[in-house]
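S.K.:
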Amino acid sequence: MTFTAGSAVLLFSIALQVIAALLALRLIKVTGWTAPWLLIAAAVLLMAVRRAITLAHNFDNPAFRPDLEAETVALAISVCVLLGVILIGRTFAAMNADRRALDETRARVDGLMSHVSDGIVTTDARGMIDSFNPAAERIFGYLRDEVIGDDIGMLMPEPDRSRYREYIRRYLDSGRHALMGGAARELQARRKDGGIVPVELTLGEMRTAGGPTFIGVVRDISERKSEEGELNQAQKEEDVGQ
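The opening residue of the sequence shown carries number 60 in my numbering; numbering runs sequentially from there.
(1) I'd like the list of long-range same chain contacts for Asp279, defined as Cβ closer than 7 Å, with 5 residues on each side in sequence excluded.
(2) Considering only residues of the same chain and omitting the five flanking positions on each side of Met154, which have a CB-CB separation below 8 Å?
(3) Would you check whether the ligand ADP has a heavy atom nearer than 7 Å to the C-beta of Thr267?
(4) Evaluate contact between the segment 66-86 and the segment 116-129, counting only Cβ atoms and requiring at least three cross-stretch pairs below 8 Å.
(5) May I ask you to list the residues that DSSP assigns as paired with Pro257?
(6) At which residues does the alpha helix (DSSP H) containing Ile147 begin and terminate?
(7) Determine the contact status of Val144 and Ala102, defining contact as a CB-CB distance below 8 Å.
(8) Which ranges does the alpha helix (DSSP H) cover as unbroken runs of at least 4 residues, wholly within the segment 187-214, from first to last along the chain?
(9) For Gly178, which residues does DSSP report across the bridge?
(10) Determine the direct distance from the alpha carbon of Leu142 to that of Thr131, and round the result to whole angstroms.
(11) Among Ile147, Arg167, Glu225 and Ala166, which one has its Cα closest to the Cα of Trp92?
(12) Would you mind stating whether Gly263 and Ile274 have Cβ atoms separated by less than 8 Å?
(13) Pick out whichever of Gly270, Ala100 and Arg203 has its Cα sitting closest to the Cα of Val87.
(14) Please name the residue or residues paired with Pro271 in a DSSP beta bridge.
(15) Using three-state DSSP, classify Gly365 as helix, strand or coil.
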């Protein structure tokens, strides 16, 4: 084989195909996908092997001259394949890094929420429960896994359930936030056992790419209400005695 520009391009193209096949195999670990990357690596490697065999068979043939134009096209294809594998690898690496950062943030938030004495319940714009901390489990009697994905209305008796839904509907339509971020409001909460618990609710909102997330901070005021009732009863008895 006479070494020409076409031969150089052929050798370079084979090298790029081998590198692309090795990178495709590496992406199995990065993406967690085995079969697709094995197939891609096998296809690219087989192309490189076929061309290498052709080159080896004609190595001692002085008349063999790889076509420069054809090999240039093959080189361009090899470059595109290699760049595609590299870009996919970088994209997945960035996604994995973002996922790890998000998992770490969630773990920190969950850790903080688990030590808060007030119940914290978050919902999406449809009123579906996203999170439910241990204090909320104690107040409502539900375990977290029993309520995630369910309607927040399950935690409220009427008429508070309808009032809450109407408020959220008006807020989403108009942006008026009489309750959002304001003072706590007294409501009735419904426990899993059907019991009714007086609570204070403070509402907040967090805007995300997926839409608004509503954050409810719930405080059990049963003890306070009981003390207020005893004081009122004592005051009534004192008034009657006078």
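From the three backbone atoms N, C-alpha and C, an ideal C-beta is built for every residue, glycine too.
M.R.: Quick answer:
(1) Locating residue 279 in the sequence shown gives position 220, where the first residue counts as 1. Excluding sequence neighbours, Asp279 sits near Ile198, Val256 and Val258.
(2) By 1-based counting over the sequence shown, the position of residue 154 is 95. Apart from the 5 residues on each side of it in sequence, Met154 has no Cβ closer than 8 Å to any other Cβ in its chain.
(3) Among the components of this structure there are no ligands whatsoever, and the ligand ADP is therefore not found.
(4) Output reads yes: the segment 116-129 touches the segment 66-86.
(5) For this step, residue 257 is matched to residue 198 along the sequence shown. BP columns for Pro257 point to Gln247.
(6) Taking the sequence shown and counting its residues from 1, the one referred to as residue 147 is at position 88. Leu127 to Ser173 is the span of the alpha helix (DSSP H), which, as asked, contains Ile147.
(7) On the sequence shown, residue 144 is found 85 positions in, with the first residue counted as 1. On the sequence shown, residue 102 is found 43 positions in, with the first residue counted as 1. No, they are not a contact pair.
(8) Listed in chain order, they are 193-199 and 203-206.
(9) The residue you call residue 178 lines up with position 119 of the sequence shown. In the DSSP output, where bridge partners are listed per residue, Gly178 has Val277.
(10) Residue 131 sits at position 72 when you count from the first residue of the sequence shown. Residue 142 sits at position 83 when you count from the first residue of the sequence shown. Taken atom to atom, the span from the alpha-carbon of Thr131 to that of Leu142 is near 16 Å.
(11) As a working note, residue 92 is residue 33 in the sequence shown. Closest option to Trp92, judged by alpha-carbon separation, among Ile147, Arg167, Glu225 and Ala166: Ile147.
(12) Along the sequence shown, read from residue 1 onward, the residue named residue 263 stands at position 204. Along the sequence shown, read from residue 1 onward, the residue named residue 274 stands at position 215. Result yes, Cβ atoms of Gly263 and Ile274 sit closer than 8 Å.
(13) Residue numbering aside, residue 87 sits at position 28 when the sequence shown is read from its first letter. Just to set this straight, residue 87 is Ile in the shown sequence, not Val. The residue with the shortest Cα to Cα distance from Ile87 is Ala100.
(14) Looking up residue 271 in the sequence shown gives position 212. Arg266, per the DSSP bridge assignment.
(15) Outside the shown range of the chain (60 to 301) lies residue 365, about which nothing can therefore be said.
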